[in-house]
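Participant: Residue numbers (the numbering used here): 1043 to 1282.
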Amino acid sequence: MNDKLVICIPGQWKDRDKLKRSVQKKSRGEYVLAEDLLMDTKHNRAFEIRFQEHDAKLSEAFYYSERGMMNDKALHKLDKHTHVLCLMSYMGSLDSVQKIVPAVQLLLKSGGLAVKIENSGKAYTSEEWDRLTSEARVDQLLHTFVSYRQNEQYYYSCGMQMFGLPEAAISMDTDPDASMQVMSQFLYGLLTHVEDQGSGSQGFKIYGKTYASQLEPECFNEEEPYLHNPSGMYVLTEVV
1043 MNDKLVICIP GQWKDRDKLK RSVQKKSRGE YVLAEDLLMD TKHNRAFEIR FQEHDAKLSE
1103 AFYYSERGMM NDKALHKLDK HTHVLCLMSY MGSLDSVQKI VPAVQLLLKS GGLAVKIENS
1163 GKAYTSEEWD RLTSEARVDQ LLHTFVSYRQ NEQYYYSCGM QMFGLPEAAI SMDTDPDASM
1223 QVMSQFLYGL LTHVEDQGSG SQGFKIYGKT YASQLEPECF NEEEPYLHNP SGMYVLTEVV
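1. Going by Cα to Cα distance, which pick from 1140, 1228 and 1245 is closest to residue 1040?
2. Please report how far the alpha carbon of residue 1225 lies from the alpha carbon of residue 1057, in whole angstroms.
3. Would you call residue 1183 buried or exposed, if buried means 16 or more other Cβ atoms sit within 10 Å of its Cβ?
4. Considering just the uninterrupted stretch of the alpha helix (DSSP H) at residue 1145, what are its terminal residues?
5. Who pairs with residue 1274 in a beta bridge, going by DSSP?
6. Is the number of C-beta pairs between the region 1199 to 1215 and the region 1126 to 1145 that are closer than 8 Å three or more?
7. Can you tell me the Cα-Cα spacing of residue 1196 and residue 1078, whole angstroms?
8. Rounded C-beta distance between residue 1120 and residue 1145? I'm assuming under 8 Å.
9. Which of the three DSSP states is assigned to residue 1279 in this structure?
10. State whether the region 1215 to 1235 contacts the region 1064 to 1074, with contact taken as three or more CB pairs (one from each stretch) at a distance under 8 Å.
11. On the three-state DSSP scale, how would you describe residue 1112?
12. Quick one: Cα of residue 1173 to Cα of residue 1219, how far?
13. Which residues does DSSP list as the beta-bridge partners of residue 1209?
14. Terminal residues of the continuous beta strand (DSSP E) containing residue 1185?
15. Would you tell me roughly how many angstroms separate the C-alpha atoms of residue 1106 and residue 1163, rounded to the nearest one?
16. How many Å lie between residue 1049 and residue 1214 at the Cα?
Have a look at this one:
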């Protein structure tokens, strides 16, 4: 089981020293790249990094990501990357997600081309990332970091382990657009503690309908280390 939040950032850096100098310049010395760490000297924290060579399959991975909306121009740009930097930190809270956002923004300003969140499969161009995380509000982070998938029976979320919370799932019998709204609203409530939605004893209301939640110990990504959520998932059911 993976316990790290992992974000991959391809870039056009000649070598590690070039990236190191760019990071120091763009952050005005607040961030320092040293060995296998990116250190935030202002807030006294550090992130693990892996600096890797060109990956010939990278643009394909971005193309088949959960977003799947990168245009040909963006994918062609990714083909020209020289290295890939993987940024890692321990996950499990809203705070841990909020802290990694500025580090990602800095790496994009320092020559990064795009972002792929390994814990949910979502991918963005640098422009999309800046727009979506500009204020780092809870709703922005939820939308940016968490993806939604489906199997033969359920629509379900993927990525809530980054926040230390269970996933949400709802029957395929639900209208697809409505199901995403219900799940995102429920997960937003968990993140902001708007109401005790996790008790299962009381429902939550959205668009005039009431839904009950039942916590199940397992989620739908048990076999995928980066996607596995040890907190399980809430199955949401409309109360008729």
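Each residue gets a CB set at the ideal place from its N, CA and C atoms; glycine is no exception.
Facilitator: Straight from the coordinates:
1. The question about residue 1040 has no answer, for the chain in this structure spans 1043 to 1282.
2. 43 Å
3. buried
4. 1136 to 1151
5. DSSP lists no partner for residue 1274.
6. yes
7. 40 Å
8. Between residue 1145 and residue 1120 the Cβ distance is about 20 Å, and since that is not below 8 Å, they are no contact.
9. strand
10. no
11. coil
12. 23 Å
13. 1275
14. Looking at the DSSP string, residue 1185 is not in any beta strand (DSSP E); the run it does join, the alpha helix (DSSP H), is 1180 to 1187.
15. 9 Å
16. 30 Å
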